[in-house]
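In the working numbering, the protein residues as written are 575 to 849. Each residue gets a CB set at the ideal place from its N, CA and C atoms; glycine is no exception. Every value quoted in this text rests on a predicted model; they were computed, and no experiment measured them. What follows is one structure encoded as structure tokens, with my remarks underneath.
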Amino acid sequence: MPTRSPTMLDDFLVRATLAGLGVVLAAAPLGCFVVWRRMAFFGAATAHAAVLGVALSLALSMSIFVGVLAVSLLMAVTVSLLSDRGYAMDTLLGVMAHSSLAFGLVAVSFLSDVRIDLMAYLFGDILAVGRSDLAIIWGGSLLVLGLTLWRWQALLLTTVNADLAYAEGLDPSRERLILTLALAIVVAVAIKVVGVLLIAALLIIPAATARPFSRTPERMAMAAAGLGALAVLGGMWGSWQWDTPTGPTIVCVSATLFALLAGLARSLPGRHRAV
575 MPTRSPTMLD
585 DFLVRATLAG
595 LGVVLAAAPL
605 GCFVVWRRMA
615 FFGAATAHAA
625 VLGVALSLAL
635 SMSIFVGVLA
645 VSLLMAVTVS
655 LLSDRGYAMD
665 TLLGVMAHSS
675 LAFGLVAVSF
685 LSDVRIDLMA
695 YLFGDILAVG
705 RSDLAIIWGG
715 SLLVLGLTLW
725 RWQALLLTTV
735 NADLAYAEGL
745 DPSRERLILT
755 LALAIVVAVA
765 IKVVGVLLIA
775 ALLIIPAATA
785 RPFSRTPERM
795 AMAAAGLGAL
805 AVLGGMWGSW
815 QWDTPTGPTI
825 VCVSATLFAL
835 LAGLARSLPG
845 RHRAV
């Protein structure tokens, strides 16, 4: 019986590294908008809602990605619509985040006939990424990256000055909805890599690290992508060397880079901030 020759994607470390790089490719430019718009809590809130998506997926015997994406999109649309009706954004996010997380955890407790490793969904299980997971991660990341590039100028203008955006014929509410939908997709594809509790860190920390060194928004997005990729590679290496959980190790490396470069930025004269 002929045996199948091994390929590069048969190596679980290669698949894990490609998965991490795929996530940071999409998370970097979105993270810049999260930092500029001070939407850090939105990423965390959407991630918390993903727990409910996991529970529904298991209960209905459907794809985890589909369930998480559906709940994340529903939350993004709900928050976007309610914020236009007089509710404060931070209040909405607080209610939606904690409610969906609580409902998700309660729903998981009812799944007695389903074996679930909740820690893998909370903190990620990047080393268990398979070929199908890799296809979903890169497909979602490329979709988000294409959407971000397509709406880049419109998103940037509405971020800098909403009144000027109105004068240019743009609808800030529509652009905010596009941004929140893209964030929901990133959360859905990143759940396998860093889990629902750490995706907000992967969105925010590389962008925050790159901001003091970037003269333009475009340079900040590219620098954030580079720092995110460095965190993935460093986290993979550290996890392999010290037998630590890979997702949290990636975030630890990213946080270390932030601390080191933040100290360097304070000592440099003439610092620039993109937005």
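- In the displayed model, phenylalanine 639 falls within a helix according to three-state DSSP.
- Non-local beta-carbon contacts of valine 827 in its own chain, meaning distances under 7 Å to residues more than five positions away in sequence, involve Ala805, Gly808, Gly809 and Gly812 in chain order.
- Cβ-Cβ distances below 6 Å link proline 603 to Thr722 and Ala795 in the same chain, with the five nearest sequence neighbours on each side left out; the list follows chain order.
- Between tryptophan 610 and serine 841, the alpha-carbon positions lie close to 23 Å from each other.
- Here the alpha carbons of arginine 750 and valine 770 stand approximately 22 Å from one another.
- If you draw a straight line from the Cα of leucine 643 to the Cα of arginine 589, it comes to about 22 Å.
- Sorting Ala775, Leu772, Ile773 and Leu801 by C-alpha distance to the C-alpha of alanine 784 places Leu801 at the top.
- In the three-state DSSP reduction, phenylalanine 607 falls in the helix class (H, G or I).
- Taking the CA atoms as reference points, alanine 739 sits about 18 Å from valine 608.
- Counting the other Cβ atoms within 10 Å of the Cβ of alanine 833 gives fewer than 16, which makes it exposed.
- Put simply, the backbone Cα of alanine 601 is about 8 Å away from that of alanine 799.
- With respect to the 8 Å criterion, isoleucine 773 and alanine 621 are classified as neighbours on the basis of their beta carbons.
- Leucine 592 and serine 747 have their alpha carbons spaced roughly 34 Å apart.
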